[in-house]
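In the numbering used here, the protein residues as written are 1 to 269. Ideal placement from N, C-alpha and C gives every residue a C-beta, glycine not left out. All values reported here derive from a predicted model rather than from experimental measurement.
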């Protein structure tokens, strides 16, 4: 019997453990969801910061102004699809916030790190779910960097959003599964073990623009489990094998703005 192979973008894997029902709709059923301007702002910030960090790696000499230009180009790209009515944000305010955060990141945060890869391409990792079902994780570490320190290599993942920074620190809650996935993929791709604690670099897009960091530990263990307890990969395997992807009406993304199944979902209020 030929196995059923599900090819999944590695950068989406963390969202499976937030609301699997939403994840199934987007990534398996190909249901489209038009985002708001705040989401487009986040994408543009990540484009500008990635250009800057890649230029540092390449030695190509791009400046902070070049990164700001890349941000604006991405934000105002005519091919961007977003619904301006979904957020209380104007294009001029989005540009102002994004330029502030991109500049702050490039001048104050990036120089503190020795990055060795930016949004690294990974080698496909296959997860045997049993019952002839295989999940193949592919793609890049979207928005993430690989950094090197005295302790070894570690993942630094950029997260932007209205509440990405609270009380002067990046919010790490809920990001463990994605970080753990990237750690597994890095080791699978390079054969080099992750040696340093991962880190979230938060960029707050609402109110006063802030950039802050915070460590996030044991993410890989959360994914693979221990001898005493299964990891999230085992739970994911159960979902793919059974075809039952569980809803989470308490998810912060349980809203018509973020979920294409919201209009027909019977599980939320």
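| query | result |
| --- | --- |
| May I have the straight-line CA-CA distance separating residue 148 from residue 263, to the nearest angstrom? | 45 Å |
| With DSSP collapsed to three states, give me the class of residue 83. | strand |
| For residue 274, count neighbouring C-beta atoms within 10 Å of its own C-beta (all shown protein chains included) and say buried if the count is 16 or more, exposed if not. | Not covered by the structure: residue 274. The range shown for the chain is 1 to 269. |
| By the three-class DSSP mapping on this structure, what secondary structure does residue 180 have? | helix |
| Please look up how many angstroms separate the CB atoms of residue 212 and residue 199, rounded, as I've assumed it's under 8 Å. | In fact, because the Cβ distance is near 11 Å, the residues do not count as touching under 8 Å. |
| Decide if the region 34-50 is in contact with the region 86-103; the criterion is three or more beta carbon pairs, one per stretch, under 8 Å apart. | yes |
| Using only the alpha-carbon positions, how far apart do residue 309 and residue 105 sit? | No statement about residue 309 is possible, as the shown extent of the chain runs from 1 to 269 and does not include it. |
| For the region 152-170 and the region 181-197, state whether three or more C-beta atom pairs, one from each stretch, are separated by less than 8 Å. | yes |
| Quick check: what's the CA-CA separation for residue 167 versus residue 107? | 21 Å |
| Using only alpha-carbon positions, find the residue among 150, 115, 193, 139 that is nearest to residue 56. | 115 |
| How many angstroms separate the CA atom of residue 94 from the CA atom of residue 21? | 31 Å |
| Determine whether the beta carbon atoms of residue 145 and residue 53 lie at a separation below 8 Å. | yes |
| Helix or strand or just coil, what does DSSP make of residue 209? | coil |
| Work out the CA separation of residue 66 and residue 260 for me, nearest whole Å. | 35 Å |
| Here's the rule: buried if 16 or more other CB atoms are within 10 angstroms of the residue's CB, otherwise exposed. What is residue 209? | buried |
| Hey, could you find the ends of the alpha helix (DSSP H) residue 45 is sitting in? | 37-58 |
| Using only CA atoms, which one of 195, 206, 187 lies nearest to residue 164? | 206 |
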